[in-house]
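Participant: Before I ask anything, here is the structure I am working with.
Protein chains: 2
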Amino acid sequence: MHTQLRFGAAILVLATAQAGYADEGMWTFDNFPKERVKKAYGFEPSGAWLDQVRLGSARIAGGCSASFVSAAGLVMTNHHCAHSCIQQLSTKDKDIVKAGFYAATPEAEVRCPELEINQLVAMADVTAQVNAATKGKEGAAYAEAQKAATARIEKECQASDALRCDVVSLYGGGQYHLYRYQRYQDVRLVFAPELAIAFFGGDPDNFMFPRYDLDVSFLRVYQGDKPAKLEHYFKWSAAGAKEGELTFVSGHPGGTDRQLTAAELEYERDVALPERLLTLAQLRGLLTQFQERGAEERRIATHDLFGVENGYKALRGRWSALLDKAFFASKLAEDNALRSQVAKDPARQQKYGAAWEQLAKAVAEQKKYRLQLRYVASGAGFSSKLFAHARTLVQGTEELTRPNDKRFEEYRDTDLPQLQQRLFSKAPIYPGLEVEKLTFSLTKLREELGADDAFVKKVLGAESPRELATRLVQGSKLADPELRKKLWQGGKAAVVADKDPMLELARLVDADSRLWRKKWEEEIEPVQKKAAEQIAKARFEVLGTSHYPDATSTLRLSYGAVVGYEENGKKIKPFTTFAGAFERETGRDPFALPASWLKAKPNLDLGTPFNFCSSNDIIGGNSGSPVINKNAEIVGLIFDGNLQSLGGEYGFDASVNRAVAVHSQALLLALDKIYGAQRLVTELRPGK
Amino acid sequence: MHTQLRFGAAILVLATAQAGYADEGMWTFDNFPKERVKKAYGFEPSGAWLDQVRLGSARIAGGCSASFVSAAGLVMTNHHCAHSCIQQLSTKDKDIVKAGFYAATPEAEVRCPELEINQLVAMADVTAQVNAATKGKEGAAYAEAQKAATARIEKECQASDALRCDVVSLYGGGQYHLYRYQRYQDVRLVFAPELAIAFFGGDPDNFMFPRYDLDVSFLRVYQGDKPAKLEHYFKWSAAGAKEGELTFVSGHPGGTDRQLTAAELEYERDVALPERLLTLAQLRGLLTQFQERGAEERRIATHDLFGVENGYKALRGRWSALLDKAFFASKLAEDNALRSQVAKDPARQQKYGAAWEQLAKAVAEQKKYRLQLRYVASGAGFSSKLFAHARTLVQGTEELTRPNDKRFEEYRDTDLPQLQQRLFSKAPIYPGLEVEKLTFSLTKLREELGADDAFVKKVLGAESPRELATRLVQGSKLADPELRKKLWQGGKAAVVADKDPMLELARLVDADSRLWRKKWEEEIEPVQKKAAEQIAKARFEVLGTSHYPDATSTLRLSYGAVVGYEENGKKIKPFTTFAGAFERETGRDPFALPASWLKAKPNLDLGTPFNFCSSNDIIGGNSGSPVINKNAEIVGLIFDGNLQSLGGEYGFDASVNRAVAVHSQALLLALDKIYGAQRLVTELRPGK
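Those sequence lines, one after another, are chains A and B.
Residues in the first sequence are numbered from 7 upward in steps of one, following this note's numbering.
Residues in the second sequence are numbered from 7 upward in steps of one, following this note's numbering.
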């Protein structure tokens, strides 16, 4: 533990003198630092407490968190986590993103076409099994052995499609665990406020605090066409979060990079982040202008634009952290410190010393081939829902002719239920937007690989990007989910026989795509994985296991307190109130409160807390996480972090990094007095 | 000279072993390295030769180069240098950007609304006068003294509006020279090809070689409504450029940063370049999509989009150079070497040693206030032609109430003719595009300074950026040049009395704008200037005067040879031919040859050289420069550099940095056989 603090100390150069809440860490439930919490806050979570919290927590497959909040399958998450569903359920004439949605009766709840919710029911350490399989292997052989071992373990675990079994890598490959989830695919929309209040302040206020957002939606998981009956769920706190109170956040942070080596950090700073940002910036300009074509274009591009602007701001914040010379130097110092610790001990040096150099070489390889990996293998050159379906049909029906452990990961048995849910989804596809996005990405493909690149010539022929995109989108029949289902069920023979132009494109690029994916999976990734594994082992030897692994979309628990911070010499209080929202309102998007709020204003206690911030260590993917008190009661709903939290990707600065949440009182007040959602209020607080 | 090579040597780490043409340098005409050229190529330019070349050279005010090519005032430059004029002379129904233009008779030549052409007629060293004025002064006093001295020198020089007198700073302030130009404001369009061939290959081929562009236009300068009679102009070479031949390029490179200190280079790499690139990327997406609204929107945004894409690609190349670790280290090594040379000598250290630290501090200040300087003082938050006119009217009529030497630089007497030409221009202003650009920049202003910034609140009030932009553009009458002229001539009283909404905005932001400009001009810039001056003096002491100053839009001469290079192990030949253009054609923009070319194909000798590359050291601003042989005859027309030339901003890599030009034979062949422009052919080659 002392060693951890020593290694972590370098980060604190960023912290101001008032730093006192070093509540760092996104901890796994099986290694939660109970004693540390007890020492700091006088409360020690029991094993039963941790089990209850884990089982009350949920993941929205694809990148958000949520919680179960009633015995009848009610799920609470953010509006922005259900935004895609809300948009998919909207039409030109009935835009529930704009108008909001409330199912006043159980019958009015509507199924989301593509949402899957997971509940972590069991975890098991399978490190020994995976390590035994890969022992002594390198490169492609290492990759193949690891793939086979994890596929086998997952397959053995998954008794039915109602389960989802993932072997997850923790501590950069230092440990492998088998996570078993209950899988819910019948997820229905119960409540969503208007986007104008869910995302009040829009992009300007995103990642800012103070804040005034009702970023909530309620969903319900069903089983056998009936609301699922849940044993574990969170109850509501009467008072909600109070200043200074100990808070826990249980959720699925998507990813952090706190243990990167110098070579990886430089690649992030100088190559990966700027390239992604430049692409996002251009796409942002494109979508903003596309929306000006008309009301319907505005509506259908809203979710895409949110995603792009959110990503842009998040990555810019992350990049700024790496461009901070002192912070970057502190990260290099951490890496160097571990490396020197290893070098000091000849036995360790013998075992682990070469890993850094190997990793640096693999990163150089990645840099060299990154454009092909991105534009060809990952399909960034073909940004289109129709193309994504076409690729799934072409690649998937081919992959399914192979045994489970020889397939690309996304076509393994354990992933098929989710894949099919998406492939068969009835969510609308908008040809106009498809053409623009495909034109954009084909143009980028040509720009980045060059007009004279053989692959680019193969794809475009004599056509311009726009001409090709228009021909494919207009000619393709794949917008029809029944057709996609028929082709999928018909398997490879059916797909090969179909001359749909988007399928033709997917076929045309398949060989190159596989070639570059092979390059990545057999030559670059295994070297990186193995080296990271070595470094992780070295870290265990030096630091013990009392540290937390980087986030990997797996369930984590963080602890902290409701506490403000200082910014440019100004104290920021941890709470905002309803009054503040009305003060901030200008009547113009994104600072326009919805009519429902203006109407209800006289009935509201404007002093009610609205949003608050806490020192919990969270990151993207934590959106929708419950904030709970020591009684495991809901006191808030995470929906954001402040600007200063964005550098949390690489290191936690306890003095200013804050999680941002909707207060539980605000949620109830809005449901009750603004939306008249009595059915929900009663369900959340039965007997009150 | 040896010392120069030693300092320059670090750059050569980038050069391959075959490097042999170290033809580095954008030399002033009064310090041209004649002996160096003689040694390398066996030809020594005489003083008369240099005078003739200087007087045959022209500058297009605002950022391009050109040459005089007949006794009757004919001027040759690039199509992209006259693009703004060609677009301004186009209408919805007659798009000469697309169709091209040829004045078959003298009467058909059309005046460009905003072009000014300058010819450098005299140069004088005024370093002593400027230094005497600023001696012993610091900060605001230094800035004021320098401003007063240069304004006085310019004013004394400028006998009439037909002259333009600029005191230019060379060697980063190590020298000041008075440049006197003949000013031509009656500039008429004579010939322009179709954009499709002027910019064949479009953005994908921009900054690439091999290349196939006829990037030329011909203009004519008039005096007293008649073609100007010129004593000095370039004659045409019969054969044009040949492989290995010595070539000179005479032109106005806009700016290089080859002598930056470590602090400045880091600021460029980590702050200035990425921020500009991100903004350009977003604007690029916006304009691309704006063009999809319809044919007219496509037409009116063509020039803007070219500017944005050209800037984006150029800056990305420049940034890549700085992100190259070895190159960046070599630049730091150069800076360190000079610094150590200074430190070694106590007297020098006493005089110059503190400059680096002072410069670093001033750069830190610039970083701190950069958003205000950019968005408020420079007006980047208000990107609109109408706003630019409004600001000129509001600021200019105020400034003109002050004595010449107390005004902002752009309102000095010597600058007024050009300012008035632009202010009174009849070029059309397109309200639709104005709204989009102003909305974009107001949104960026809010994004970068924050929604809660006092200035942002003052500007936007309760309005959204789009609402404000629409109201201002629709409500303003400033699109009318007669009104602008009337207001300007009415002076401050007339402008103050006018309630045009765009004038109101210019007034609203004027105080803040002046405040930040003052911060820059009195607190930051003088420190940077003075420190740079000290470092420049130190460099003179250490290196002598046998080096060239960074480019500053002043006339320079570079020498080199027609020579290919190696790229990814492949030899690139220095010439392309007409045949290559027809091979590259796909029939789709940007690889569609115009109908005139397809029609003329049977009459063309397809083996005729089209474009070529040479080792001349050039940079942005050199566009339109003549390439001449030792007889001072035209052998080509510069229009670009290769990708590898973009890092030339910071250092010249002789092995791969290449200038790209249209071959003189190609120009004649196209005029003759494709465009039937016999009048021009005869004028260029009288008696042939």
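Ideal Cβ positions, reconstructed from N, Cα and C, are used throughout, including at glycine.
May I ask you to report which of helix, strand or coil DSSP gives B:Pro-692?
Facilitator: Along the second sequence, read from residue 1 onward, the residue named residue 692 of chain B stands at position 686. In this structure, B:Pro-692 counts as coil in the three-state DSSP scheme.
Participant: Is B:Asp-131 helix, strand or coil by DSSP?
Facilitator: Here residue 131 of chain B is taken as the residue at index 125 of the second sequence, counted from 1. Residue state, collapsed to three classes: strand.
Participant: Would you mind telling me which residues of chain A sit closer than 7 Å to B:Leu-284, beta carbon to beta carbon, in chain order?
Facilitator: Here residue 284 of chain B is taken as the residue at index 278 of the second sequence, counted from 1. Residues of chain A passing the Cβ test: Leu-283, Leu-284 and Ala-287.
Participant: Which runs of the alpha helix (DSSP H), 4 residues or longer, sit entirely within the region 133-184 of chain B?
Facilitator: Runs found: 133-140 and 145-163.
Participant: Using a C-beta to C-beta distance shorter than 7 Å, which residues of chain B count as neighbours of A:Ser-96?
Facilitator: Residue numbering aside, residue 96 of chain A sits at position 90 when the first sequence is read from its first letter. Within chain B, no residue comes near A:Ser-96; the closest Cβ sits about 23 Å away, beyond 7 Å.
Participant: Please confirm whether B:Ala-327 and B:Glu-655 have their CB atoms less than 9 Å apart.
Facilitator: As a working note, residue 327 of chain B is residue 321 in the second sequence. As a working note, residue 655 of chain B is residue 649 in the second sequence. Yes, Cβ-Cβ distance for B:Ala-327 and B:Glu-655 is below 9 Å.
Participant: Comparing the C-beta of B:Thr-253 with each C-beta of chain A, is any distance below 9 Å?
Facilitator: Within the second sequence, numbered from 1, the residue matching residue 253 of chain B stands at position 247. Taking Cβ atoms only, chain A never reaches closer than 9 Å to B:Thr-253, which makes this a no.
Participant: Please state whether DSSP places B:Gln-355 in a helix, a strand or coil.
Facilitator: The residue you call residue 355 of chain B lines up with position 349 of the second sequence. Helix.
Participant: In chain order, what residues of the same chain lie with their CB nearer than 7 Å to the CB of A:Lys-373, ignoring the 5 residues before and after it?
Facilitator: By 1-based counting over the first sequence, the position of residue 373 of chain A is 367. Once the five neighbours on either side are set aside, the close Cβ partners of A:Lys-373 are Tyr-273 and Val-277.
Participant: In whole angstroms, what is the alpha-carbon distance linking A:Thr-582 and A:Asn-617?
Facilitator: Start at 1 with the first residue of the first sequence, and residue 582 of chain A comes out as number 576. Start at 1 with the first residue of the first sequence, and residue 617 of chain A comes out as number 611. The straight-line gap from Cα to Cα measures roughly 5 Å.
Participant: Might you give, ordered along the chain, the residues of its own chain that have their beta carbon closer than 8 Å to the beta carbon of B:Phe-38, omitting 5 neighbours on each side?
Facilitator: Locating residue 38 of chain B in the second sequence gives position 32, counting from the first residue. The residues are Pro-51, Leu-56 and Leu-563.
Participant: I need the DSSP call for B:Arg-664, collapsed to helix, strand or coil.
Facilitator: What you label residue 664 of chain B is simply residue 658 of the second sequence in a count that begins at 1. DSSP places B:Arg-664 in coil when its eight states are reduced to three.
Participant: Using only the alpha-carbon positions, how far apart do A:Arg-664 and A:Gly-626 sit?
Facilitator: As a first step, residue 664 of chain A is located in the first sequence; it is residue number 658 there, counting from the start. As a first step, residue 626 of chain A is located in the first sequence; it is residue number 620 there, counting from the start. Near 13 Å, if we compare the C-alpha coordinates of A:Gly-626 and A:Arg-664.
Participant: Step through the CB atoms of chain B and report whether any lies within less than 9 Å of the CB of A:Asp-209.
Facilitator: Translated into positions along the first sequence, residue 209 of chain A becomes position 203. For A:Asp-209, the answer is yes, since a Cβ of chain B falls inside 9 Å of its Cβ.
Participant: Return the CA-CA distance between B:Ala-386 and A:Ala-343, expressed in angstroms with no decimal places.
Facilitator: Within the second sequence, numbered from 1, the residue matching residue 386 of chain B stands at position 380. Within the first sequence, numbered from 1, the residue matching residue 343 of chain A stands at position 337. Using only the alpha carbons, I get a separation of about 45 Å.
Participant: Confirm, please, whether the CB-CB distance from B:Gly-300 to B:Val-641 is below 9 Å.
Facilitator: Within the second sequence, numbered from 1, the residue matching residue 641 of chain B stands at position 635. Within the second sequence, numbered from 1, the residue matching residue 300 of chain B stands at position 294. Cβ atoms of B:Val-641 and B:Gly-300: not closer than 9 Å.
Participant: List, in order along the chain, the chain B residues whose C-beta lies closer than 7 Å to that of A:Asp-221?
Facilitator: Here residue 221 of chain A refers to the residue found at position 215 when the first sequence is read from its first residue. What A:Asp-221 touches in chain B: nothing, since even the nearest Cβ is about 18 Å away.
Participant: Determine the burial state of A:Leu-604: buried for a count of at least 16 other Cβ atoms within 10 Å of its Cβ, exposed for fewer.
Facilitator: Counting from 1 along the first sequence, the entry for residue 604 of chain A is found at position 598. So A:Leu-604 ends up on the exposed side.
Participant: I'd like to check one pair, A:Gly-291 with A:Glu-695: are the Cβ atoms closer than 9 Å?
Facilitator: Residue 695 of chain A lies beyond the residue range present for chain A, which begins at 7 and ends at 694; the question has no answer from this structure.
Participant: What residues of chain B sit near A:Ser-470, judged by a beta carbon separation below 7 Å?
Facilitator: As a working mapping, residue 470 of chain A is identified with position 464 in the first sequence. Simply Arg-594 and Asp-595.
Participant: Please tell me whether B:Thr-308 has its Cβ less than 9 Å away from any Cβ of chain A.
Facilitator: Within the second sequence, numbered from 1, the residue matching residue 308 of chain B stands at position 302. Cβ-Cβ to chain A under 9 Å: no for B:Thr-308.
Participant: Is there a Cβ of chain B sitting closer than 9 Å to that of A:Thr-267, yes or no?
Facilitator: Reading the first sequence from its first residue, position 261 is the one you call residue 267 of chain A. Not one chain B Cβ lies under 9 Å of A:Thr-267.
Participant: Count the C-beta pairs between the region 223-235 of chain A and the region 539-559 of chain A that are closer than 8 Å, then say yes if the count reaches three, no if not.
Facilitator: Cβ pair count under 8 Å is below three, so no.
Participant: Report the CB separation of A:Val-173 from A:Glu-160 in whole angstroms; it is logged as a contact under 8 Å.
Facilitator: For the purposes of this step, residue 173 of chain A is taken as the residue at position 167 of the first sequence. For the purposes of this step, residue 160 of chain A is taken as the residue at position 154 of the first sequence. Their Cβ separation, rounded to whole angstroms, is 6 Å, which keeps A:Val-173 and A:Glu-160 in contact under 8 Å.
Participant: At the level of alpha carbons, what is the spacing between B:Ala-468 and A:Thr-592?
Facilitator: By 1-based counting over the second sequence, the position of residue 468 of chain B is 462. By 1-based counting over the first sequence, the position of residue 592 of chain A is 586. About 5 Å.
Participant: Between A:Thr-267 and A:Arg-345, what straight-line distance do the alpha-carbon atoms span, to the nearest angstrom?
Facilitator: The residue you call residue 267 of chain A lines up with position 261 of the first sequence. The residue you call residue 345 of chain A lines up with position 339 of the first sequence. Taking the straight line joining both Cα atoms gives about 10 Å.
Participant: Rounded to whole angstroms, what is the Cα-Cα separation between B:Val-568 and B:Glu-30?
Facilitator: On the second sequence, position 562 is the one that residue 568 of chain B refers to. On the second sequence, position 24 is the one that residue 30 of chain B refers to. Distance between the alpha carbons of B:Val-568 and B:Glu-30 is about 14 Å.
Participant: Give the single residue among A:Phe-414, A:Val-348, A:Ser-90 and A:Pro-632 whose Cα lies nearest to the Cα of A:Ala-307.
Facilitator: Reading the first sequence from its first residue, position 301 is the one you call residue 307 of chain A. Answer by Cα proximity: A:Ser-90.
Participant: For A:Gly-359 and A:Ala-46, I'd like the C-alpha separation in whole angstroms.
Facilitator: Numbered from its first residue, the first sequence carries residue 359 of chain A at position 353. Numbered from its first residue, the first sequence carries residue 46 of chain A at position 40. C-alpha separation (whole angstroms): 37 Å.
Participant: Would you check if there are 3 or more beta carbon pairs closer than 8 Å linking the region 113-130 of chain A to the region 425-443 of chain A?
Facilitator: Cβ pair count under 8 Å is three or more, so yes.
Participant: Given this structure, state the Cα-to-Cα distance separating A:Ile-680 from A:Ser-76, to the nearest angstrom.
Facilitator: Working through the first sequence from its first residue, we reach residue 680 of chain A at position 674. Working through the first sequence from its first residue, we reach residue 76 of chain A at position 70. Roughly 22 Å between the two C-alpha positions.
Participant: Could you work out which residue in A:Arg-397, A:Ser-661, A:Ser-243 and A:Lys-248 is closest to A:Leu-509 when comparing CA atoms only?
Facilitator: Translated into the one-based positions of the first sequence, residue 509 of chain A becomes position 503. Looking at the Cα atoms, A:Arg-397 is the closest of the given residues.
Participant: With distances taken between CB atoms, is the gap from B:Leu-610 to B:Ala-202 smaller than 9 Å?
Facilitator: Counted from its first residue, the second sequence places residue 610 of chain B at position 604. Counted from its first residue, the second sequence places residue 202 of chain B at position 196. No, Cβ-Cβ distance for B:Leu-610 and B:Ala-202 is not below 9 Å.
Participant: For B:Gly-68, which three-state DSSP category applies?
Facilitator: Along the second sequence, one-based indexing puts residue 68 of chain B at 62. In this structure, B:Gly-68 counts as coil in the three-state DSSP scheme.
Participant: Express the C-alpha separation of B:Thr-449 and B:Tyr-381 in angstroms, rounding to a whole number.
Facilitator: One-based indexing of the second sequence puts residue 381 of chain B at position 375. One-based indexing of the second sequence puts residue 449 of chain B at position 443. Between B:Tyr-381 and B:Thr-449, the C-alpha separation is close to 11 Å.
Participant: Can you name the residues of chain A whose CB is closer than 7 Å to the CB of B:Phe-296?
Facilitator: Sequence index remark: in the second sequence, residue 296 of chain B carries index 290 (1-based). Gln-295, listed in chain order.
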